[in-house]
Amino acid sequence: MRLPRVNFYPLAGPAVASAVSFAIGALLILAIGRSPVDVYGLFFSQTFGNSYVLGQVLFRATPLMFTGLAAAISFRGGLFNIGAEGQLTVGAFLTALVGCSGHWIPSGLLMPAALVAGSAGGALWGAIPGFLKARFGAHEVINTIMMNFIGTALVSYLVTNVFLVPATVHTPAIARAAEIPRLDLLTGAFQGAPVNLSLLLALCVCYASYIFLWKSRPGYELRATGLSRNAAAYAGIDVARQTVLVLAVSGGLAGLVGSNFVLGYKHYFELGFSENVGFIGIAVALLAKNHPLGIIATSLFFGILGYGSLTINTVVPKELANILEAIMIMFVIVLSRLVDRWMLAVQQKSAA
Amino acid sequence: MDALFTLAFLTQIARISIPYALPALGATFSERGGVVNIALEGILLVSAFATTAAAFVTGSPMFGILCGVICVTLKADQIVSGIAVNLFAVGITKFSCQLLFNSSSNSARIAGIEQWSFLAAVPVLKNPFLITTGLLVVASHILLFRTKFGLRLRAVGEHPEAADSLGVNVARLRYAGLIMCGGLTGLAGAWLAVDQHSFTDGMSAGRGFIALAAMIIGKWTPIGALSAALLFGFAESLTIQLESASRYLQLVQMIPYLLTMIVLAGFIGRSTAPASVGIPYEKEAI
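Protein chains in written order, with our numbering: chain A, 457 to 808; chain B, 596 to 881.
So this is what it looks like as structure tokens:
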């Protein structure tokens, strides 16, 4: 007899992984002699409830949507992009640079130009490893890692030697016309929280990525290449071109991170502003099973984790959040394998 | 320029090169066995911390075993789990540092290493880590290319199915590669802590990835890895030494990464990774 199968099992892995990481977190809290109930109680009471806190969470979720999408698109295309950190650094730097160039660009176009510059910078930084893979077969994992360091070194050289405001580690402020307005000024809600209109941009990009992946021909080709490069090539897809394209699109998404911090919050580029969002984006994508709409949810989840860890910092070190994130990634990848294997075993048994 | 090639300069090269050379050597073993280990950075950081907390003997090989459980036994994706280990290392070191030393960024000062006084005449050689590194490179070369173990490890990295069919235990050898990698990287972490007399957060500062680069440029051989590490150490020391050039330090630090990309693209001789590196081995069901 065959029961209709509701496909819940893709959600099982992430749910169990989150639960396990919070449980291990509880053990760590116990180990330092605090009560997990109190700490988690504080954590959740501080991250829900008023609109300021919600604004803080949304502000932290915004860059994660971009980097989460960057990771998801590359995974879907069958490639690893570990270079989001470098791509977003180069992108955000260019965003700030264009944002400063008020004299050259008409003020109405300044903000879009800054966004395009950021995205283009990220896309270029992604396309280089893509090209090296397509042309020479050089592994994109190593090359995207290398491009992280090259990007960070290059930008930090330029910031400290060329575009520095003396006695700081940031660039001059962008022109007013390039600023992205904060939501508290627009709506009156989220008083005092830095969340800004980039959030809307991020949500739109998530939806656009969903349409791109599942409702468009290039998206179909991208997924086909990701599932099997040989089959895709046999079906007439230019796999080499796809390789460059996937990493360029992925990098272009990561390059939009600057919109939130540079255009929407501080209004300048600062070294080390990203706080690892490039890497956490990989966790965001994995937990969402590389689904663009799922990424909205998982970004919020990691936004809560990021802001919540600050609120408990007085009781336990805020680095607890990093530990939880790492354990979550570990369990997601391990569990999804175990679940897949178990499903396979069940199928084989019923077939026999 | 006269003062350039003094003993002090050579000592500085050695100081900088050690934490590149040892993890590069370690990664040579794990990759030869077929496991990509981008967790070098995290292991380096954790072992630097563990050294200041006086427990480094147990610290780093344990991480090798952890990577083994994840990558070999559970066959999880090696790249993603490497990223997770790196994130974990950042978190756990700061967390523990806060607990032990009441600051998440700095540990208390620890004692340095005892200098070997019988070699005092030659200052560079007073550093026991330096001599150990040299000996380990030679030993690794012999182990990898002149012993049964080395042959098997390489076979497992190239063609695990073939090795398996000849009765070689793929999982056990991959574990061995990772544990050696953990141990060697741990030694480098210990050196970092001892050299700076304390732990500071994020003190590995990308060295794990430079080591990965050194291993690739060294074409997956111990002597190559050491040479690349020395080359990077030399370039960095030179920049630090030349007062006027120190403004370009960030650009000089790009060299290892650029070189790696050029080597990987095949412009400097052939550089081929072990054929099965990065692919979990699934034993055929009987």
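Virtual Cβ for every residue (Gly too), placed ideally from N, Cα, C.
The structure presented is a predicted model; accordingly, all values stated were derived computationally and were not measured.
Exposed unless 16 or more other CB atoms sit within 10 angstroms - verdict on residue i
i: residue 532 (chain A); result: buried
i: residue 618 (chain B); result: buried
i: residue 494 (chain A); result: exposed
i: residue 740 (chain B); result: exposed
i: residue 678 (chain B); result: buried
i: residue 644 (chain A); result: exposed
i: residue 560 (chain A); result: exposed
i: residue 786 (chain B); result: buried
i: residue 677 (chain A); result: buried
i: residue 608 (chain B); result: buried
i: residue 802 (chain B); result: buried
i: residue 730 (chain B); result: exposed
i: residue 672 (chain A); result: exposed
i: residue 748 (chain A); result: buried
i: residue 773 (chain B); result: buried
i: residue 489 (chain A); result: exposed
i: residue 669 (chain A); result: buried
Extent of the continuous alpha helix (DSSP H) run through residue i
i: residue 543 (chain A); result: 540-556
i: residue 598 (chain A); result: 596-617
i: residue 820 (chain B); result: 817-836
i: residue 670 (chain A); result: 654-671
i: residue 727 (chain B); result: 723-741
i: residue 492 (chain A); result: 492-503
i: residue 686 (chain A); result: 685-690
i: residue 636 (chain B); result: 635-647
i: residue 804 (chain B); result: 802-812
i: residue 528 (chain A); result: 507-532
i: residue 734 (chain A); result: 733-743
i: residue 488 (chain A); result: Element bounds for residue 488 (chain A): n/a, residue is neither H nor E.
i: residue 678 (chain B); result: 673-696
i: residue 698 (chain A); result: 695-710
i: residue 759 (chain B); result: 755-760
i: residue 623 (chain A); result: From DSSP, residue 623 (chain A) is part of no alpha helix (DSSP H); its letter is neither H nor E.
i: residue 614 (chain B); result: 602-627
i: residue 563 (chain A); result: 563-592
i: residue 767 (chain A); result: 748-767
i: residue 852 (chain B); result: 850-859
Cβ-Cβ separation, residue j to residue i (assumed contact under 8 Å), whole Å
i: residue 633 (chain A); j: residue 575 (chain A); result: With 8 Å as the limit, residue 633 (chain A) and residue 575 (chain A) do not qualify as a contact, their Cβ atoms being about 19 Å apart.
i: residue 868 (chain B); j: residue 754 (chain B); result: Not really, about 13 Å apart at Cβ, beyond 8 Å.
i: residue 737 (chain A); j: residue 523 (chain A); result: 3 Å
i: residue 767 (chain A); j: residue 504 (chain A); result: Not confirmed; about 11 Å, so no contact.
i: residue 551 (chain A); j: residue 520 (chain A); result: Actually they do not touch by this definition, with Cβ atoms about 18 Å apart.
i: residue 472 (chain A); j: residue 787 (chain A); result: 7 Å
i: residue 586 (chain A); j: residue 704 (chain A); result: 6 Å
i: residue 598 (chain A); j: residue 723 (chain A); result: Between residue 723 (chain A) and residue 598 (chain A) the Cβ distance is about 36 Å, and since that is not below 8 Å, they are no contact.
i: residue 711 (chain A); j: residue 528 (chain A); result: That pair is no contact at about 16 Å.
Sequence-distant residues of the same chain with beta carbon closer than 6 Å to residue i, five excluded per side
i: residue 698 (chain A); result: 681
i: residue 607 (chain A); result: 542, 545, 546, 581
i: residue 616 (chain B); result: 728, 821, 824
i: residue 640 (chain B); result: 684, 688, 799
i: residue 806 (chain B); result: 615, 618, 619, 635
i: residue 844 (chain B); result: 834
Contacting residues, own chain, Cβ-Cβ under 7 Å from residue i (five flanking each side not counted)
i: residue 596 (chain B); result: Unreliable positioning characterises residue 596 (chain B) in this predicted model, as indicated by a pLDDT of 45, which lies under 50. The coordinate reading is nonetheless provided below. Correct list: empty, nothing qualifies.
i: residue 768 (chain B); result: 628, 747, 748, 751
i: residue 755 (chain A); result: 517, 520, 521, 524, 740
Cβ-based neighbour list, residue i, same chain, cut-off 8 Å, excluding 5 preceding and 5 following
i: residue 625 (chain A); result: 615, 616, 726, 727, 728
i: residue 642 (chain A); result: 653
i: residue 700 (chain B); result: 689, 692, 795, 796
i: residue 683 (chain A); result: 534
i: residue 601 (chain B); result: none
i: residue 757 (chain B); result: 750
i: residue 507 (chain A); result: 645, 646, 647, 649
Check your understanding: Going along the segment 678-692 of chain B in order, which residues come within less than 9 Å of chain A, judged by CB to CB distance?
Key -> 678, 679, 680, 681, 682, 683, 684, 685, 686, 687, 688, 689, 690, 691, 692
Check your understanding: According to a CB-to-CB cut-off of less than 7 Å, which residues of the segment 792-806 of chain B neighbour chain A?
Key -> 801, 804
Practice item. May I ask you to list, following chain order, the residues of the segment 786-807 of chain A that have a beta carbon less than 7 Å from some beta carbon of chain B? Key: 786, 789, 790, 793
Point to revise | Where the segment 617-637 of chain B meets chain A: residues whose CB sits under 8 Å from a CB there | key: 631, 633
Practice item. Taking a Cβ distance cut-off of 9 Å, strictly less, list which residues of the segment 770-783 of chain A are near chain B, in chain order. Key: 772, 773, 774, 775, 776, 777, 778, 779, 780, 781, 782, 783
Point to revise | Contact list for the segment 464-492 of chain A against chain B, Cβ threshold 8 Å | key: 484, 488
**Study point:** chain B contacts from the segment 567-596 of chain A (Cβ-Cβ distance under 9 Å)
**Key:** 584, 585, 588, 591, 592, 593, 594, 595
Review point. Of the residues that make up the segment 818-848 of chain B, which ones have a beta carbon closer than 7 Å to any beta carbon in chain A?
Key: 842, 845, 846, 848
**Study point:** Contact list for the segment 611-624 of chain A against chain B, Cβ threshold 7 Å
**Key:** 612, 613, 617
Exercise for review: Check each residue of the segment 741-753 of chain A: if its Cβ is closer than 8 Å to any Cβ of chain B, include it; give the result in chain order.
Suggested key: 742
**Study point:** Residues, ordered as in the chain, of the segment 704-737 of chain A that lie near chain B by beta-carbon distance below 7 Å
**Key:** 735
**Study point:** Residues from the segment 535-569 of chain A in contact with chain B, defined by Cβ distance under 9 Å
**Key:** 536, 538
Review point. Relative to chain B, which residues along the segment 661-687 of chain A have a C-beta separation below 9 Å, given in chain order?
Key: none
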